[in-house]
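Visitor: Here it is, the structure, as C-alpha cells.
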Amino acid sequence: MNNNKTSNNKTALITGASAGIGKSFAAHYAQQGWNLVITARRLPQMEALAKDLEDRFGVQVVVIAADMSDPKAPQFLYDEIQSRGIRVEALVNNAGYGVPGNYVTTDWKQQQDFIQVLVTAVSHLCHLFLPGMIEQGYGRIINVSSINGLLPCSPGQSLYAGAKSFVVGLSHTLHAEAGDFGVNVCALCPGFTYTEFHDVTGTREMVSRLPKSQWLDSETVARLGYDAVERGDILCVTGRSSKIAAFMTRVLPRTTMISVMKKQSKAIRKTG
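Sequential numbering from 82 applies to the sequence shown in the working numbering.
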C-alpha cells in the first residue's frame, strides 16, 4: 500500500540504517516523502528495508553497503552517490556501536575502529556533503550522539562518552558556520532506547533493570530528531529522565555529577 504524499524530490542519506534508530530514521524520512540513500554493513537487511519502504511509501531507495570503520568508506560513499547523480539534502550520521570494558585493558585496534566510526567518519561525511548543502542554500544534518555525550562518563564508558561529546561540539560549530546558508545541524542525544545496541555491547540484562518509564522506542527518537532539525534546534535530548540529567549538568559542579554517575552505575550493576 502506498501511503506517501507527493514526493518532495529531496534525498536523505542515512548511515547505520540496517537496524535500530537508523532504520527508524529511514522509515520516517520515507513517510515524509523523502527519497533515500541507506548505508550499513549488512546488505540483506538493507535490501529488505529498501523494498519495504518503496512498497509502502512510493519513494526511491538506493542501497550502498559500506563499513564506516574503513577510513576509505566516507569518500567511497560520496563518490558512489555523485556518480549516480544524486543530490543529498539531508545527512543522518547514525552509524555507531559501543565498546564496553575498561579503557586500558581493551584492545587498541578495537578502540581505533570505534573512533573511526563515531568520530572520523562523522566528521568526514559532514565535510564531504556540507559544501553542496551550502551551495544550494538548503540542508539538514542530524548527528546522532547520546545523552552520555552530555554527562560525565561512568566506568567503562570513557571512549564512548568522549566520542559522543565530540559529536555534540562538532554539530554546534557546524550549525553556527552553516546556519546562515539554510543548513540546520542538530545533535540528537537519545537516552535509553529500545534497539539491539545493548545486545551487541552485552549490557541488555543490566539496563533492563531500569524502569520502563526511562525508555523510548526508536521510532519516537527518530521522529523527535527529524522534528528538531526541521525547527532548527541545535540539540535534541529525548526522554524525560535524560532531559533532567542534562539539566543537572548545567547546575551542578562537574565533580558532583561524576560522583552521582559512579554511584548510579554501581547501583544498576548490583540490582537484581
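The beta carbon of each residue, even a glycine, is placed where N, CA and C say it ideally should be.
This one's a predicted model, so the numbers in the text were calculated from it and none came from an experiment.
Classify Ala202 as helix, strand or coil using the three-state DSSP reduction.
Guide: Position 121 of the sequence shown, counted from the start, is the residue given in the question as residue 202. Helix, per DSSP.
Visitor: Can we say the segment 237-252 touches the segment 199-213, given the rule of at least three CB pairs closer than 8 Å?
Guide: yes
Visitor: Classify Trp319 as buried or exposed, calling it buried when 16 or more other Cβ atoms lie within 10 Å of its own Cβ.
Guide: The count along the sequence shown starts at 1 and reaches residue 319 at position 238. In the sequence as presented, Trp is not what sits at residue 319; that position holds Thr. Label assigned to Thr319: buried.
Visitor: Where does the unbroken beta strand (DSSP E) through Ala268 begin, and where does it stop?
Guide: Translated into the one-based positions of the sequence shown, residue 268 becomes position 187. Unbroken beta strand (DSSP E) run through Ala268: 264-270.
Visitor: Pull up the DSSP beta-bridge partners for Gly220, would you.
Guide: Position 139 of the sequence shown, counted from the first residue, corresponds to residue 220. Bridge partners of Gly220: Val264.
Visitor: To which residues does DSSP link Asn116 through a beta bridge?
Guide: Numbered from its first residue, the sequence shown carries residue 116 at position 35. DSSP, once it has assigned bridges, lists Thr92 as partnering Asn116.
Visitor: Please work out which residues of its chain come closer than 6 Å, Cβ to Cβ, to Val143, disregarding the five sequence neighbours upstream and downstream, and give them in chain order.
Guide: Counting from 1 along the sequence shown, the entry for residue 143 is found at position 62. Val118, listed in sequence order.
Visitor: Report the partner residues of Cys317 according to the DSSP bridge assignment.
Guide: In the sequence shown, counting from the first residue as 1, residue 317 sits at position 236. According to DSSP, Cys317 bridges with Leu269.
Visitor: When burial is assigned at 16 or more other CB atoms within 10 Å of the CB, is Ala268 buried or exposed?
Guide: For the purposes of this step, residue 268 is taken as the residue at position 187 of the sequence shown. Looking at its Cβ environment, which holds 16 or more other Cβ atoms inside 10 Å, Ala268 is buried.
Visitor: Measure from the alpha carbon of Ser252 to the alpha carbon of each residue in Leu206, Asp188, Phe138, Gly213, then state which is nearest.
Guide: Within the sequence shown, residue 252 is the residue found at index 171, counting from 1. Checking every option, the nearest Cα to that of Ser252 belongs to Leu206.
Visitor: Taking C-beta to C-beta, are Val225 and Asn265 nearer than 9 Å?
Guide: Position 144 of the sequence shown holds residue 225. Position 184 of the sequence shown holds residue 265. The answer is no: Cβ separation not under 9 Å.
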